[in-house]
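Some notes on the structure that comes next.
Number of protein chains: 2
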Amino acid sequence: MTTGPDALFRTLADPTRRALFEQLCREGELTVTRLTEGASVSQPAVSKHLGALRRAGLVLDRHEGRHTHYRANPEALGPLRDWTDEMTSFWERRIDALEDLMKRMDR
Amino acid sequence: MTTGPDALFRTLADPTRRALFEQLCREGELTVTRLTEGASVSQPAVSKHLGALRRAGLVLDRHEGRHTHYRANPEALGPLRDWTDEMTSFWERRIDALEDLMKRMDR
DNA sequence: GCTACTCATAACTAAACTCGAATATGATAG
DNA sequence: CTATCATATTCGAGTTTAGTTATGAGTAGC
Chain B
1 MTTGPDALFR TLADPTRRAL FEQLCREGEL TVTRLTEGAS VSQPAVSKHL GALRRAGLVL
61 DRHEGRHTHY RANPEALGPL RDWTDEMTSF WERRIDALED LMKRMDR
Chain P
1 MTTGPDALFR TLADPTRRAL FEQLCREGEL TVTRLTEGAS VSQPAVSKHL GALRRAGLVL
61 DRHEGRHTHY RANPEALGPL RDWTDEMTSF WERRIDALED LMKRMDR
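Just so you know, the sequences run in chain order B and P.
Every letter in the first sequence is one number past the one before it in full-length UniProt numbering, and letter 3, counting from 1, is 3.
Every letter in the second sequence is one number past the one before it in full-length UniProt numbering, and letter 39, counting from 1, is 39.
Here it is in structure tokens:
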């Protein structure tokens, strides 16, 4: 169920989709109608965005009668955090190497 | 120079662009020709992607004669980290509230 | 001066994405 | 069984985006 950074970035790039995910993080489990009320687009659009979020592993769904409840799965953000950590550490490692070099040049 | 999560997600959603940023994080300062060699697209495409990264504050450029040196600016990833932290904390806060509720229901 | 080199921009094409309308599917109520 | 409600899917139009080639602007070296 864990997706790479690529799918995460692409999925979260859309503002409407990100807003849906944010609402689910804030308010917990919600139905499609409830999410559609808060959104600025039609119900089919909301359903499609939820499908994309689900395929990326960012949300989970639960069927109950004719309702579908969606909830956020923030654990799916892991690879995204790992990626930013990696990029930052690359940079810091380079800074450290530069400092070492300058120290060696001093003596 | 600090950009919101929206611009960051949209800018990093493209694989080619993200690869350029990753290379700059790993290898430090590089010229456009050097970056084009490693990329799988033409030089104009690389230039456009670098422009997008620069507008998002993710890279900085330095002109030296007829060369332009680009370098990563990982500090720009801050809002992205803040956003993921916020989403995770929303979720954890909800879990905590749920546990409290269950404790109250026990007694 | 001229030529070669580096990078950015312009103009265009093709593919991808998003949206709403209409429709299909599936479940409950009467 | 039929009607209605909740959600998903299909389809076509409009928009955005990334890619290309061609070209322009600025610099280095002869």
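For glycine and all other residues, C-beta sits at the position ideal for the given N, C-alpha and C.
Whole-angstrom C-beta distance between residue j and residue i, which should lie under 8 Å
i	j	result
Pro79 of chain P	Gly28 of chain P	At roughly 23 Å, the Cβ-Cβ gap does not stay under 8 Å, so Pro79 of chain P and Gly28 of chain P are not in contact.
Gly57 of chain B	Asn73 of chain B	6 Å
Leu53 of chain P	Thr11 of chain P	6 Å
Val46 of chain B	Leu20 of chain B	7 Å
Phe90 of chain B	Arg26 of chain P	5 Å
Pro15 of chain P	Asp6 of chain B	6 Å
Ala13 of chain P	Ala13 of chain B	4 Å
Leu77 of chain P	Thr88 of chain B	7 Å
Arg17 of chain P	His49 of chain P	4 Å
Range covered by the beta strand (DSSP E) that runs through residue i
i	result
Glu75 of chain B	Note, Glu75 of chain B: premise wrong, no beta strand (DSSP E); not H, not E.
Leu60 of chain B	59 to 64
Range covered by the alpha helix (DSSP H) that runs through residue i
i	result
Asp6 of chain P	5 to 12
query = the stretch 11 to 42 of chain B: which residues have C-beta closer than 8 Å to a C-beta of chain P, in chain order?
reply = Within the stretch 11 to 42 of chain B, the residues whose Cβ lies closer than 8 Å to some Cβ of chain P are Leu12, Ala13, Pro15, Arg18, Phe21, Glu22, Cys25, Arg26, Gly28, listed in chain order.
key: Continuous alpha helix (DSSP H) assignments of at least 4 residues falling wholly in the stretch 20 to 49 of chain B   = Whole alpha helix (DSSP H) segments, 4+ residues: 32 to 38.
query = Quick check: the stretch 29 to 38 of chain P against the stretch 63 to 77 of chain P, are there 3 or more CB pairs under 8 Å?
reply = As far as the Cβ criterion goes, the stretch 29 to 38 of chain P touches the stretch 63 to 77 of chain P, which means the pair count is three or higher.
query = Just by C-beta distance, which residues in the stretch 72 to 99 of chain B are closer than 7 Å to chain P?
reply = Here the close residues are Ala72, Pro74, Leu77, Leu80, Arg81, Thr84, Met87, Thr88, Phe90, Trp91, Arg94.
message = To be precise: take each residue of the stretch 41 to 61 of chain P, compare its Cβ to all Cβ atoms of chain B, and keep it if any distance is under 8 Å. Which residues remain?
response = Residues: none.
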